[in-house]
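A short write-up of the structure that comes next.
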Amino acid sequence: MLNIHNLSVSFGGTYLFEEVTFRMGAGDRVGLVGKNGAGKSTMLKILAKDFAPDSGSIATEKEVRIGFLRQDIDFEQGRTVLEEAYQAFTDIKEVEKKLEEINHQLVTRTDYESEEYSQIIENLSDYTHRFELLGGYNYVGDTEKILLGLGFKREVFNNQTETFSGGWRMRIELAKLLLQANDILLLDEPTNHLDIESIIWLENFLRNYPGVVVIVSHDKMFLDNVTNRTIEISLGKAYDFNKPYSQYLELRHEIREKQLATQKNQAKKIEETEKLIEKFRAKASKASMAQSLIKKLDKVERIEVDEDDNSVMNISFPVSKVPGKVVIEAEHVTKAYGDKTILEDISLLVERGSKIAFVGQNGQGKSTFIKAIVNEFEFKGSIKLGHNVQVGYFAQNQAEYLDGEITLLQTMEDAATDTNRSKVRDMLGSFLFRGDDVEKKVKVLSGGERNRLALCKLLLQPINVLVMDEPTNHLDIKSKNVLKAALQKYEGTLLLVSHDRDFLKDMSNIVYEFKDKKIKEYLGDINYFLEQRNLENMREVEKKDVVKKETPKEAVKTSYEDQKKNKTLQNRLSKIESQIQQLEKDIQADDKALASNYDKHAEDANFFTAYTKKKTELDKLLEDWETVQEEIDQLG
């Protein structure tokens, strides 16, 4: 299905990878792994034909469809979640539009006996048949099933895409890819913005995917659960094994050990031969034998050992000063967004030196509580920082706050103080940004490299309380291990949000589970917490209560007419909501005008007539909204 032959790419005279060759066929689920900056995302772009290699070739079968989940997503404004997801069905939507035109003609025309009318009837039959063959009667149900699987609730299906965060937009793009009939799926960090339940759903989907799947991910568990093959890009070479990630690591280690042993034996034999050559050279009678040994030695193919890229970050988090015994005191913290309460009456005391893990499914308030601690927004209740507390905050999207147009060195120098400005080059070097790397612009860095830079920048400020929200996003597996070791040695206070059990293991002495607007304390590490919950792994912790979902057999096939009616009602509902919103704004403006200058407006009969009319219209629109919503609910 996909053949890559002698592929080479270089930047600035240095090869990212050189003469890489591999083949992929149906059923291959490949984990494309390697260090940050090794060229994984570049390889995906080449496979997607977004980027041309310096040399080599890529051959695919005819009419192979490739779907690519990119890190940078650009949506057309004005579309709802459903409308954007429906972009996956371009052929179906074209036929659906044609059917609407034909049905409109049938309703409006009265020349029932004419040839033109007969042709319209014939066209209706042809397009209806094509609509059915393309899966037109199933696409609405399929779309909803995928969106629900990726964590969307039905009540947000008709919300505009621009109202969602980058992570949720990525899910919409992922839904579109999964709905398309692609032969090859290229997924760049698909789990970065997914909660655990959605990750589990995606794992099940990909395990049953009939085509080729190529995944760039640093989530070891996800790779182990989904892939059946691993290709590692390291130091310009590709290492290809038909094993999931963990098994691949073991196998590659065994192969390297055998290579080392064989190389050692060969080196010993070569040394013995060289000694014989020197010995025979000294005797004229043995000269021909010496020449024979030299020729034999020249023909020996020297055994090479696969190189390992063992360069890792050198990171530590020094404590700036010793704070008081109590570093954070939260009392009755409540936070709501509109009508939705995220946290309710949360009280928490954090003592100096605590290592605390926040766990729970997405949307339960972990990140919200952390943002409240660093005072990112207003909330009810109080959070007090203790004496001499200096908080270092690493946000989930910390790398997005970096200016892409300036260099790495400039990024660090701008954030540095007079006391540490002279150390920025050494700091960058310890985070693997060495030599000319520091003059690169931030925008050319990979996601993992940006995270490393953001961590490096964090160390420029004095810290004795570290607050970290998903700090391992985009980091390669080796970098994760280095970060974990540094945090384990950290002598200050740590508050950590993570879904990664491997990362959390041996990291905390207190665990708080966020669930149903509340928190529950477990005095122990993550393993103690899991034992108390009697759960096998972190994924079980973060699953929602089991809710029976519709299966394809249970789902009622929506007829074309029902789809058409539903769409009309949804459009009408959206229009009514817009009118209600505008009227509420107008009435609010009138209320302010009355409050500021009542006497002036009291004498204006036209003002009060218009004001009363708006209120009457608003009541009528609210009634209309209820009626339309009931009709939609009845359609299911």
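Position 348 of the sequence shown, counted from 1, bears residue number 614 in my numbering, the numbering being contiguous throughout. Backbone N, C-alpha and C define an ideal beta-carbon position, used for all residues, glycine too.
In this structure leucine 753 is not in contact with asparagine 717, their Cβ atoms being roughly 14 Å apart against a cut-off of 8 Å. Measuring C-alpha to C-alpha distances from aspartate 782 to each of Val625, Gly415, Leu451 identifies Val625 as the nearest. Residue environment for histidine 370: exposed (fewer than 16 other C-beta atoms within 10 angstroms of its C-beta). By the Cβ test, the region 271–281 is not in contact with the region 469–479, since fewer than three Cβ pairs between them sit closer than 8 Å. Under DSSP, methionine 693 shares a beta bridge with no residue. Comparing alpha-carbon positions, the option among Leu468, Val748, Tyr378 lying closest to methionine 773 turns out to be Val748.
In the pairwise beta carbon analysis, the region 684–703 is classified as not touching the region 641–649: fewer than three pairs are separated by under 8 Å. With respect to lysine 442, alanine 351 sits close: the two C-beta atoms are nearer than 7 Å. For glycine 502, the closest of Thr308, Ala859, Asn470, Gly790 by C-alpha to C-alpha distance is Thr308. Within the DSSP secondary-structure output, leucine 762 pairs in a beta bridge with Ala623, Met734. Contact between threonine 673 and valine 704 holds: CB atoms are separated by about 7 Å, below the 8 Å threshold. A straight line joining the alpha-carbon of proline 319 with that of serine 483 spans about 22 Å. Your pair leucine 835 and leucine 887 does not check out as a contact, with CB atoms roughly 15 Å apart and the cut at 8 Å.
Around the CB of histidine 598, fewer than 16 other CB atoms lie within 10 Å, so the residue is classed as exposed. Per DSSP, reduced to three states, the secondary structure at glutamate 410 is helical. The residues Asn424, in chain order, have a CB closer than 7 Å to that of serine 840 in the same chain once the five nearest residues on each side in sequence are set aside. The three-state reading of DSSP puts isoleucine 636 in helix, counting H, G and I together. Straight-line measurement puts the Cα of leucine 335 at about 12 Å from the Cα of asparagine 448. Per DSSP, the continuous alpha helix (DSSP H) segment holding leucine 749 begins and ends at 743–755. Nearest to aspartate 684 by alpha-carbon distance, out of Phe697, Leu726, His459, is Leu726. With 16 or more other Cβ atoms from the protein chains shown falling within 10 Å of its own Cβ, phenylalanine 795 counts as buried.
If you check the CB distance, isoleucine 466 and tyrosine 405 do not come in under 7 Å.
Selection Ile846, Gln900, Asp669, Lys621 evaluated against tyrosine 778 yields Lys621 as nearest (Cα-Cα). Here threonine 374 is exposed, its C-beta having fewer than 16 other C-beta atoms within 10 Å. Arginine 618 carries a coil assignment under DSSP once its states are collapsed to helix, strand and coil.
A residue is called buried when at least 16 other Cβ atoms come within 10 angstroms of its Cβ; tyrosine 393 meets this threshold and is buried. Looking at the DSSP output, methionine 290 bridges to Leu268. Annotation: the continuous alpha helix (DSSP H) that includes isoleucine 560 extends over 553–565. Pairing valine 710 with glutamate 736 gives a Cβ-Cβ distance that is not under 7 Å. The DSSP-derived three-state label of aspartate 454 is strand. Glycine 415 sits in a helix when the DSSP states are folded into three classes. Here lysine 363 is exposed: its Cβ has fewer than 16 other Cβ atoms, across all protein chains shown, within 10 Å. The Cβ atoms of glutamate 516 and tyrosine 505 do not sit closer than 7 Å to each other. Around phenylalanine 430, the same chain offers no residue with a beta carbon nearer than 7 Å, after the five sequence neighbours per side are excluded. The Cβ neighbour count for phenylalanine 769, taken over all protein chains shown within 10 Å, is at least 16; the residue is labelled buried. Taking every protein chain shown into account, the CB of lysine 746 has 16 or more other CB atoms within 10 angstroms, so this residue is buried.
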